[in-house]
Amino acid sequence: MSNITFNYQEMPCAYFADNDNANFLRNQLLKNTYNMLSEDYHNKGNKVTLEIVFFSDENIDLINKKIILNVYKLIKVKIRYQTKESLLILMRYIFIEYARHLPNNIPEQIQHLNSLVLKEILPNIITSITQKLGYLNLIHKRQELLDLPISTSHKKTLESYLK
Numbered sequence: 001m002s003n004i005t006f007n008y009q010e011m012p013c014a015y016f017a018d019n020d021n022a023n024f025l026r027n028q029l030l031k032n033t034y035n036m037l038s039e040d041y042h043n044k045g046n047k048v049t050l051e052i053v054f055f056s057d058e059n060i061d062l063i064n065k066k067i068i069l070n071v072y073k074l075i076k077v078k079i080r081y082q083t084k085e086s087l088l089i090l091m092r093y094i095f096i097e098y099a100r101h102l103p104n105n106i107p108e109q110i111q112h113l114n115s116l117v118l119k120e121i122l123p124n125i126i127t128s129i130t131q132k133l134g135y136l137n138l139i140h141k142r143q144e145l146l147d148l149p150i151s152t153s154h155k156k157t158l159e160s161y162l163k
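Be aware that the sequence shown starts at 1, since it is given in the UniProt record's numbering, and climbs by one per residue.
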């Protein structure tokens, strides 16, 4: 039972449940996805490079799934996939700054780069969500009216400044 294949029909249960079986399914999903990334390129006879695997659609999909999972774990909010373009911009920055370009251990390098992408994007997403939720709560809450102004003058007339 150490290396079962993840069943994509169980995905909602694996992402949004909070029990031991769901935790196991989430770990299997991530482990199998990394293995599939490297195996797919080897099986096609292509030379596997860090850049090809990191910017692949499968890796972008994996990053999106990790974002959804982490946001749900941290603030219990379900979000949609991020756009491919916005992820690619951040991934390109991370790749240029932090990629080691070693010819071996590509899955480990991909995991490291993906974790850097998550560390960069998660605080921004969580801040945006909490601000939007706070705004929505504020506009739906009944606003209290301010008290009418109280005159502090003991005289019943105002002083004239035209003297």
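Heads up, the beta-carbon is just placed ideally off N, CA and C, and yes, glycines get one too.
Reference residue i, options the options, closest by Cα
i: lysine 76; options: Asn64, Ile129, Arg100; result: Ile129
i: histidine 112; options: Asp20, Val53, Phe24; result: Val53
i: aspartate 57; options: Asn70, Gln143, Ile68, Thr83; result: Thr83
i: valine 71; options: Lys141, Asn104, Leu122; result: Leu122
i: serine 86; options: Asp61, Leu102, Pro107, His101; result: Asp61
i: phenylalanine 55; options: Thr152, Leu102, Phe95; result: Phe95
i: tyrosine 98; options: Pro107, Asn114, Ser151; result: Asn114
i: isoleucine 126; options: Pro149, Lys73, Leu148, Leu145; result: Lys73
Proximity of residue i and residue j at Cβ, strictly below 8 Å
i: valine 117; j: leucine 88; result: no
i: isoleucine 139; j: asparagine 59; result: no
Residue i, DSSP secondary structure in three states
i: isoleucine 67; result: helix
i: alanine 24; result: According to the sequence displayed, residue 24 carries phenylalanine and not alanine. Helix.
i: aspartate 57; result: helix
i: methionine 1; result: Residue placement at methionine 1 cannot be trusted, given a pLDDT of 44 that sits under 50; what the coordinates show is reported in the next sentence. Coil, per DSSP.
Segments of 4+ residues assigned as alpha helix (DSSP H) that fall wholly inside the stretch 69-144: Listed in chain order, the complete alpha helix (DSSP H) runs (minimum 4 residues) inside the stretch 69-144 are 84-98, 106-140.
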